[in-house]
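*Asks:*
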Amino acid sequence: MPDATRRNPQTHRAILDAAWDLTAAGGWGAVSVDAIAARAGVGKRTVYRWWPSKAAVVLEAFLDHARANAVTTRATTAEGLLRAHARHFADLYVDTVLGRVFTGLLGAAQQDPDLAARLDEHWFEPRRAPVRAAVREVVGPDVDVELLLDLVFAPLHYRLLTGRRPLDHTYADAVVTSVVRGVLG
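Position one of the sequence shown corresponds to residue 101 (our numbering), numbered consecutively onward.
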């Protein structure tokens, strides 16, 4: 994320809030640096001084809103751990402002390699690392944990992005059960 050492905290907050509000209300297409600047009451140059693009501002606003949503679980089996995280995924993203902003970022990341790398670095990997470690501890070194996580979370992302079928606890549980049976036997 950009260096915040010389930012005015009130201006910084106003810009992040503007980016969040615009994206939440109108989707990715409603956001531009001009719109963010106007809503925050700053000049466009102020935004560009601190962020290279609208994607960078929206990502920081997203991270700011999403950080408080960590998973807590006492599960001690691979299935229990994965089920807790899959259900949390559904709760976090389905029919929420966070989910709408997230899907906009994912869509934009398809055309923006820098945004894709930043999403991976600042969102996916920090969330995936503790799940990976916890599952690896339970299943041992012979299981490809990266593949296991991909098999669980790819269908959830697909349902989130397409919106064609429900993404709920029932579906999350079915995915986890199928994957665990298929991979771990």
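We put the beta carbon where it would ideally sit given N, CA and C, even for glycine.
Express the C-alpha separation of Asp195 and Ala138 in angstroms, rounding to a whole number.
*Replies:* Along the sequence shown, one-based indexing puts residue 138 at 38. Along the sequence shown, one-based indexing puts residue 195 at 95. In a straight line, the C-alpha of Ala138 is about 28 Å away from that of Asp195.
*Asks:* Could you pull out every residue in the same chain whose Cβ sits closer than 7 Å to the Cβ of His188, ignoring the five residues on either side in sequence?
*Replies:* Against the sequence shown, residue 188 aligns to sequence position 88. Val171.
*Asks:* Can the beta-carbon of Gly207 be found less than 7 Å from the beta-carbon of Thr123?
*Replies:* Mapped onto the sequence shown, residue 207 falls at position 107. Mapped onto the sequence shown, residue 123 falls at position 23. No.
*Asks:* With a CB to CB cut of under 6 Å and the five nearest residues on each side skipped, what residues in its chain are close to Val235?
*Replies:* Translated into positions along the sequence shown, residue 235 becomes position 135. Excluding sequence neighbours, Val235 sits near Ala178, Leu181, Val245.
*Asks:* State the DSSP-derived secondary structure class of Gln211, mapped to helix, strand or coil.
*Replies:* Against the sequence shown, residue 211 aligns to sequence position 111. Three-state DSSP puts Gln211 in coil, outside helix and strand.
*Asks:* Look at the Cβ atom of Ala190, then the Cβ atom of Ala272, and state whether they are nearer than 7 Å.
*Replies:* Taking the first residue of the sequence shown as position 1, residue 190 is located at position 90. Taking the first residue of the sequence shown as position 1, residue 272 is located at position 172. For Ala190 and Ala272, yes; Cβs fall inside 7 Å.
*Asks:* Taking three-plus beta-carbon pairs below 8 Å as touching, is the stretch 148-164 in contact with the stretch 255-271?
*Replies:* The stretch 148-164, when compared against the stretch 255-271, does not touch it at the 8 Å Cβ threshold.
*Asks:* Please report the distance separating the alpha-carbon of Ala168 from that of Val201.
*Replies:* For this step, residue 168 is matched to residue 68 along the sequence shown. For this step, residue 201 is matched to residue 101 along the sequence shown. If you take the alpha carbons of Ala168 and Val201, they lie about 16 Å apart.
*Asks:* Helix, strand or coil, according to DSSP, for Ala170 in the structure here?
*Replies:* As a first step, residue 170 must be located in the sequence shown, where it is residue number 70. In the structure shown, Ala170 sits in coil (DSSP, three-state: anything other than H, G, I, E or B).
*Asks:* Excluding the five sequence neighbours on either side, which residues of its own chain have a C-beta within less than 7 Å of the C-beta of Pro276, listed in chain order?
*Replies:* Taking the sequence shown and counting its residues from 1, the one referred to as residue 276 is at position 176. It is worth fixing the name first, because residue 276 is Val in this sequence and not Pro. The answer, listed in chain order, is Glu179, Leu182, Arg183, Ala186, Val252.
*Asks:* Judging by CA-CA distance, which residue of Leu248, Glu221, His222 is the nearest neighbour of Ala233?
*Replies:* Taking the sequence shown and counting its residues from 1, the one referred to as residue 233 is at position 133. Of the candidates Leu248, Glu221, His222, the one whose C-alpha sits nearest the C-alpha of Ala233 is Leu248.
*Asks:* Which residue's Cα is closest to the Cα of Pro152: Ser278, Pro230, Asp212?
*Replies:* Taking the first residue of the sequence shown as position 1, residue 152 is located at position 52. Looking at the Cα atoms, Asp212 is the closest of the given residues.
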